[in-house]
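Below is one structure, written out as C-alpha cells; the observations come after it.
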Ligand SMILES: [Zn+2]
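In our numbering, the protein residues as written are 1 to 88.
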C-alpha cells in the first residue's frame, strides 16, 4: 500500500521509518528535545529519519512517534519497517 511507484528506493531523499524504542536508546527527540527513552512494557514507538541534504546523507533524526506527527511529518510518512528489521 505504501509502496513507492516503480520500486524506487529514493536513496537520495530524506525518509523516515517507525521503529519500536529499544532498551539503551539515548536518542533525543528533534521536535521536543526530550529523550526518546525505552519504557518497559510500554512498546513506545519512535520515528527515525534519515536526512539528506543536497542528495547526500547528512544525519539521522529521532522523534517520538507523536512528535513526528505534530511536526507535520517533515520527512514524509514514516514506513513501518519492523517486519524486515526484527526477527520476531
Ligand atoms: Zn518528542
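Beta carbons: idealized from backbone N, C-alpha and C, even for Gly. Bear in mind the structure is a predicted one, so any value in this text is a computation, not a measurement.
- Task: Check residue 13 in the structure and name its three-state DSSP category.
- Result: Coil, per DSSP.
- Would you say the beta carbon of residue 58 comes nearer than 8 Å to a heavy atom of ligand 1? Not one heavy atom of ligand 1 sits closer than 8 Å to the Cβ of residue 58.
- Query: Does the count of Cβ pairs from the region 29-42 and the region 62-78 closer than 8 Å reach three?
  - Reply: Touching, yes, given that three or more Cβ pairs across the two stretches are closer than 8 Å.
- Query: Taking the Cβ atom as the reference point for each residue, do residue 49 and residue 12 lie within a distance shorter than 9 Å?
  - Reply: Inclusion of residue 49 and residue 12 in the CB contact set at 9 Å is not warranted, their separation being larger than that value.
- Contact check, residue 44 vs residue 21, beta carbons under 9 Å: Contact flag set, yes.
- Take the Cβ of residue 39 as the centre, count every other Cβ of all protein chains shown within 10 Å, and call the residue buried at 16 or more, exposed below. Exposed: under 16 other Cβ atoms inside 10 Å.
- Please report how far the alpha carbon of residue 87 lies from the alpha carbon of residue 79, in whole angstroms. Here the model assigns residue 87 a pLDDT of 47, short of 50, so the residue's position is not dependable and the matter cannot be decided.
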